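Protein chains in written order, with the working numbering: chain U, 4 to 345; chain X, 4 to 345.
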DNA sequence: ATTAGCACTCTTGCTTTTTGAGTGCTAAAA
DNA sequence: TTTTAGCACTCAAAAAGCAAGAGTGCTAAT
């Protein structure tokens with residue numbers, strides 16, 4: 004597939020990089036100045052013309068310069084781009100930005116997304132650590148009033164959710180006791196995905212005293228367990244999208260698409276490589292056809308646990324962003340591993 | 004100040020209402036058709052001309068109809084607008100929208116804001132219940148690993164915050180015990196605003212064993228107490244602003260302004276009336292000069308506890324939105340009161 | 001105090017012109 | 001065969017011009 008002549012590679016690469024920098028189509032003269040090649044502009048024009056025919060470049064209209072096509076970006080990312088280390092500056096920013104949230108995995112991921120988004124002027128979607136085997140570690144029921152209590156649920160990946168719930172009857176010591184019995188026998192140590200409405204109902208029914216007292220509590224447990232799954236997706240810095248004139252008013256549509264949340268998990272999950280770049284129309288969703296997505300997985304304790312994805316215009320600075328994403332997933336993985344395993 | 008003739012009032016009122024409806028400037032003929040007055044268009048023109056001179060109306064350009072000026076809106080809101088009940092439909096929507104979050108004050112406010120924003124196509128900023136006298140009701144420290152524990156803090160207004168924290172040494176029973184001692188004696192029952200870094204440090208120093216073990220925990224308590232204050236502001240439905248063509252591209256700037264969060268508390272606090280309308284340039288911030296803000300306070304157990312504010316274009320439907328806001332603050336206040344006091 | 005009539009002003013939408021960057025092609029040169 | 005100079009051609013974007021229409025403000029009559 005790498006059948007391009009060296010000169011073509013040089014030209015393609017220059018077009019991509021310059022276009023990323025300026026956003027303007029590149030003409031033959033400009034290109035000449037840029038690369039410092041010692042041929043005439045006519046020669047360059049011929050080469051560009053061929054690159055167009057091959058599908059790597061395209062022109063907005065007949066009398067304009069060239070811009071990279073989707074295929075052009077792809078070739079650039081796969082073959083031409085240098086594999087840089089992360090900028091010193093970016094590294095510092097990332098470290099400074101996330102250090103404050105070091106101990107708390109959920110906050111850490113949220114913070115990391117925020118920092119990365121700010122740094123790259125992209126939107127960031129990420130998943131809190133989790134994966135297949137989230138098990139419930141601990142449940143506490145803290146009485147708040149006579150009829151209400153705060154239910155707190157803690158999972159093996161260090162995520163905590165809470166919810167205030169109201170009882171129909173008074174919250175007696177007996178009820179508390181029975182609640183903890185059920186919890187200890189049927190919930191603790193189980194995967195969160197196993198907690199279903201029916202399993203909770205049968206558990207509640209097995210209780211000595213009034214089982215109806217237990218129901219609202221069990222329902223709340225279910226709801227929390229469920230929300231563990233749902234709320235894993237975190238969106239950060241989505242308003243950065245407005246700063247790119249590439250999108251124009253389309254930014255609004257994209258913004259609203261991202262804010263729907265539901266489709267996002269499909270966007271960043273289901274990659275096989277540790278880092279993947281999806282360019283333009285390669286995306287599943289029409290709404291992303293002018294965007295590129297860079298996703299990387301992070302792993303906790305040696306196993307894949309979540310991923311962090313960046314969304315920005317196709318014309319994004321791949322060469323500098325990719326190392327940042329790589330670095331971030333790396334460090335975040337290490338930090339969470341450290342926080343959880345003692 | 005109510006020195007306008009009846010006819011002028013009728014005209015001003017019609018201009019405001021029609022402009023709110025269509026967004027187009029109103030000409031003399033259209034106005035005539037609208038009000039059904041039995042005079043000629045020339046007369047109406049004279050009246051409009053006077054209203055312009057008085058500052059209640061203005062024209063985008065010489066040959067266009069009139070639109071309300073800021074002063075015009077102000078007069079309309081203060082004197083002309085009918086004091087309606089909330090629409091049956093809106094009431095239903097609100098009730099349906101917030102019922103699911105009934106038990107949990109923080110979620111309730113967030114949800115209420117979301118619903119109100121959706122209903123009115125405005126952005127909604129609100130403050131979670133709190134006010135001066137938030138006291139700390141309960142603190143739990145749930146061990147997670149040997150070196151880390153989840154700190155959970157619950158306040159009198161039903162808000163719960165949690166944070167995972169790491170210790171430098173092992174988390175022994177002794178440390179737990181001493182921690183709870185400090186908590187019981189120095190923290191529980193105190194207002195959150197009293198929890199300062201120094202008071203925590205002295206508390207930690209008073210402990211038998213290694214006081215350094217306690218420090219990270221105390222720091223975390225501080226941080227949580229502080230975050231009670233900071234995170235009270237909730238922003239909802241801000242992307243609705245994009246649906247108003249009034250803002251044009253200015254919507255982006257406004258959106259970014261709102262997303263900064265910091266200035267928002269100044270926007271919705273500091274009102275004296277139970278419900279206040281701030282129109283256009285009356286706002287403190289330049290970024291809001293084309294917006295109006297409707298703020299209402301809600302009270303929990305008889306005392307002011309927080310507020311809910313709507314932000315939309317100056318050309319918003321005051322007459323129908325105001326009753327909705329009034330109703331929502333009312334019902335939210337009642338619900339939280341019920342949830343907290345048993 | 002109203003009203004009819006009319007001249008005047010400006011936006012809006014449309015078409016036309018101009019300009020300039022950039023190409024593609026051809027024919028000559030290397 | 002590859003490169004280059006030269007030139008005609010294309011097309012978007014900016015500028016300029018034009019016609020229509022809505023709406024006003026003023027004046028003089030009612």
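Note that CB positions come from ideal geometry on N, CA and C, so glycine has one too. All figures in this text were calculated on a predicted structure; none of them were measured in a lab.
- Taking a 10 Å sphere around the C-beta of residue 54 of chain X, we find 16 or more other C-beta atoms and assign the residue as buried.
- Beyond the five residues adjoining it in sequence on each side, residue 193 of chain X comes within less than 7 Å, by CB distance, of 138 and 139 in the same chain, given in chain order.
- With at least 16 other beta carbons inside 10 angstroms of its own, residue 107 of chain X counts as buried.
- Identification of residues in the region 134 to 159 of chain U having a C-beta nearer than 8 Å to some C-beta of chain X yields 140, 141, 143, 145, 147, 148, 149, 150, 151, 153, 155 and 157, given in sequence order.
- When DSSP states are grouped into helix, strand and coil, residue 158 of chain X belongs to the strand group.
- Here the C-alpha atom of residue 36 of chain X lies approximately 55 Å from the C-alpha atom of residue 269 of chain U.
- For the pair residue 312 of chain U and residue 296 of chain U, the CB atoms are nearer than the 7 Å cut-off.
- Judged by their CB atoms, residue 19 of chain X and residue 59 of chain X are not nearer to each other than the 7 Å cut-off.
- Under the 10 Å beta carbon count, residue 132 of chain X is surrounded by 16 or more other beta carbons and is classified as buried.
- Interface residue (Cβ-Cβ distance to chain U less than 7 Å): residue 253 of chain X is not classified as such.
- Sequence-distant Cβ neighbours of residue 230 of chain U in its own chain, meaning closer than 7 Å and more than five residues away, are 164.
- Residues of chain U with a Cβ closer than 8 Å to the Cβ of residue 169 of chain X are, in chain order, 105, 106 and 342.
- Taking a contact as a CB-CB distance under 8 Å, the pair residue 237 of chain X and residue 116 of chain X counts as one, their CB atoms being some 6 Å apart.
- With 16 or more other CB atoms across the displayed protein chains lying within 10 angstroms of its CB, residue 243 of chain X is buried.
- Of the candidates U:339, U:325, U:279 and U:287, the residue whose Cα lies closest to the Cα of residue 304 of chain U is U:339.
- The Cβ atoms of residue 31 of chain X and residue 41 of chain X lie no closer than 7 Å to each other.
- With a beta-carbon spacing of about 5 Å, residue 166 of chain U and residue 154 of chain U fall inside the 8 Å limit used to define contacts.
- Annotation note: the region 112 to 156 of chain X contains the following uninterrupted beta strand (DSSP E) runs of length 3 or greater, listed N- to C-terminal: 126 to 130 and 139 to 146.
- Just so you know, the alpha carbons of residue 93 of chain X and residue 328 of chain X end up roughly 10 Å apart.
- Taking a C-beta distance under 7 Å as the contact criterion, residue 206 of chain X and residue 178 of chain X do not qualify as a contact pair.
- In terms of Cα proximity to residue 84 of chain U, the closest of U:321, U:181, U:278 and U:233 is U:321.
- When the beta-carbon positions are compared, residue 283 of chain X and residue 73 of chain X come within less than 7 Å of each other.
- Of U:218, U:160, U:250 and U:262, the smallest CA-CA separation from residue 241 of chain U is found for U:262.
- For the pair residue 127 of chain X and residue 273 of chain X, the CB atoms are not nearer than the 7 Å cut-off.
- If you draw a straight line from the Cα of residue 103 of chain U to the Cα of residue 112 of chain U, it is about 12 Å long.
- Residue 42 of chain U carries a coil assignment under DSSP once its states are collapsed to helix, strand and coil.
- Secondary structure in the region 304 to 334 of chain X: the beta strand (DSSP E) runs of 3 residues or longer, each lying completely within the stretch, are 306 to 316 in chain order.
- The bridge partners DSSP lists for residue 239 of chain X are X:127.
- Pairing residue 198 of chain X with residue 225 of chain X gives a Cβ-Cβ distance under 7 Å.
- At least one C-beta of chain X is nearer than 7 Å to the C-beta of residue 166 of chain U.
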